[in-house]
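The sequence shown maps to residues 0 to 259 in numbering that gives the first Met the number 0. Every residue gets a Cβ at the ideal spot worked out from N, C-alpha and C, and that includes glycine. Nothing here was measured: the structure is a model prediction, and the numbers come from that model.
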Amino acid sequence: MKKLSFIVLAVLGLSCGPAFAADDCSKIIATGHPAYPVIAFKDGDRIAGAAPTLVAAIAKKLNVPLESRAMGSWEEAQQAARAGTADMIFGIYYNDERASYLDYVQPAFMYDDVAVFVVKGKEFPFKEKQDLIGKKGVTNEGESYGNEFDAFMKDKLQVTRTKGIEAAFEELLSGKADYLIAGYHPGLAGAAKAGLKDKIVPLDQALLTAEMFAAFSKKSPCRSLAPEFGQGITDLTTDGSFDKMLDDATAAWDKAQASK
């Protein structure tokens with residue numbers, strides 16, 4: 000997992016003028032992926048992990064209360080941001096469709112590797128996305144892997160979607176799918192949680208590496224705070240603070256799994 004160490008100059012999807020003044024933002028309701036450890040994961044009624052810790056630290060510096068709230072599946076979390084039920088969503092990749100209802104905070108806060116997972120013993124040669132053509136794949140509902148790969152997946156690949164990574168593991172183990180597409184770290188964590196870490200393995204070559212962002216709903220009165228959050232992300236990803244957040248989130252996740 001690699002921390003983003005530069006400022007992205009192009010402002011993707013950020014509108015020219017906010018619809019609301021920052022003074023109208025009295026509280027930020029934030030949500031994220033319920034099963035993407037250690038970046039984000041459901042913990043009771045909230046989303047825990049490194050991403051919510053990061054945005055909460057920035058909100059604290061801005062003296063704006065922030066509440067991390069679980070809002071169902073990853074698909075449902077995105078729907079909440081689209082509807083404005085959630086002011087912010089964190090740990091999200093960029094694509095054009097999402098940019099139609101989100102103002103992305105620049106820069107991204109990290110790079111995230113996406114892997115191809117297979118049943119151990121059924122590995123196949125893989126160096127590039129074209130090697131997946133002709134095979135059956137599976138991924139979680141609501142996931143996007145960027146404009147380019149999403150288009151390639153739609154046009155060239157046979158990939159079904161399941162409600163949650165556990166169901167995707169079942170597709171893989173049953174032979175209904177030859178491979179599973181998932182974030183490298185949450186894929187490993189999910190396999191370990193399901194007791195499958197010795198049965199499901201990632202192929203050596205990453206499928207792709209994507210930027211991971213926080214973003215405001217275009218319907219939120221807090222969207223005008225995007226530049227301030229961008230500066231906060233720059234500060235906390237360059238001074239070592241976010242590295243510690245990742246370490247702490249990893250320790251919290253491991254402790255929680257050990258107690259189960």
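Distance check between E170 and each of V137, N146, A181, Q78 places V137 closest, using alpha-carbon atoms only.
The stretch 133-169 contains, as complete alpha helix (DSSP H) runs of 4+ residues, the segments 146-155 (chain order).
When beta bridges are read from the DSSP output, G31 appears opposite F89. Rounded to the nearest angstrom, the Cβ distance from F125 to V115 is 6 Å, consistent with a contact under 8 Å.
At the C-beta level, L101 and A214 come within 9 Å of one another. Rounded to whole angstroms, the separation of the alpha carbons of R97 and N146 is 10 Å. Among the bridge pairs identified by DSSP, G229 is matched with none. In the same chain as Q157, and ignoring 5 residues on each side of it, the C-beta atoms closer than 6 Å to its own belong to K135, in chain order. Rounded to whole angstroms, the Cβ separation of G141 and E74 is 3 Å, and the two are in contact under 8 Å. Taking C-beta atoms as the reference points, G229 and P106 count as a pair closer than 9 Å. Here the alpha carbons of A257 and F241 stand approximately 24 Å from one another.
Contact between I232 and F108 holds: CB atoms are separated by about 5 Å, below the 8 Å threshold. For D253, the uninterrupted alpha helix (DSSP H) run begins and ends at 240-257, by DSSP. For the pair D111 and S25, the Cα-to-Cα distance works out to about 32 Å. Per DSSP, I180 lies in no alpha helix (DSSP H) segment; the continuous beta strand (DSSP E) that holds it begins and ends at 178-182. Taking 9 Å as the cut-off, the beta carbon of P36 is found closer than this to the beta carbon of G48. Sequence-distant Cβ neighbours of F151 in its own chain, meaning closer than 8 Å and more than five residues away, are K128. Between K155 and I132 a beta carbon distance of about 6 Å is seen, short of the 8 Å cut, so the two are scored as contacting. With 16 or more other CB atoms across the displayed protein chains lying within 10 angstroms of its CB, D86 is buried. Looking at the DSSP output, S216 shares a beta bridge with L101.
Residue burial is scored here from C-beta neighbours: D23 has fewer than 16 other C-beta atoms within 10 angstroms and is therefore classed as exposed.
Within the model, the alpha-carbon separation for E227 versus I88 is close to 16 Å.
Taking G189 as the centre and dropping the five residues before and after it, the same chain places the C-beta of I164 closer than 6 Å to its C-beta, in chain order. With contacts defined as CB atoms closer than 9 Å, D95 and A69 fail to qualify as a contacting pair. Sorting S67, G90, Y92, V118 by C-alpha distance to the C-alpha of Y178 places V118 at the top. In the DSSP assignment, K59 falls within the alpha helix (DSSP H) that extends over 49-60. The residue among H184, G194, A191 with its C-alpha nearest the C-alpha of T208 is H184.
Burial state of G71 is exposed, judged by a 10 Å Cβ sphere holding fewer than 16 other Cβ atoms.
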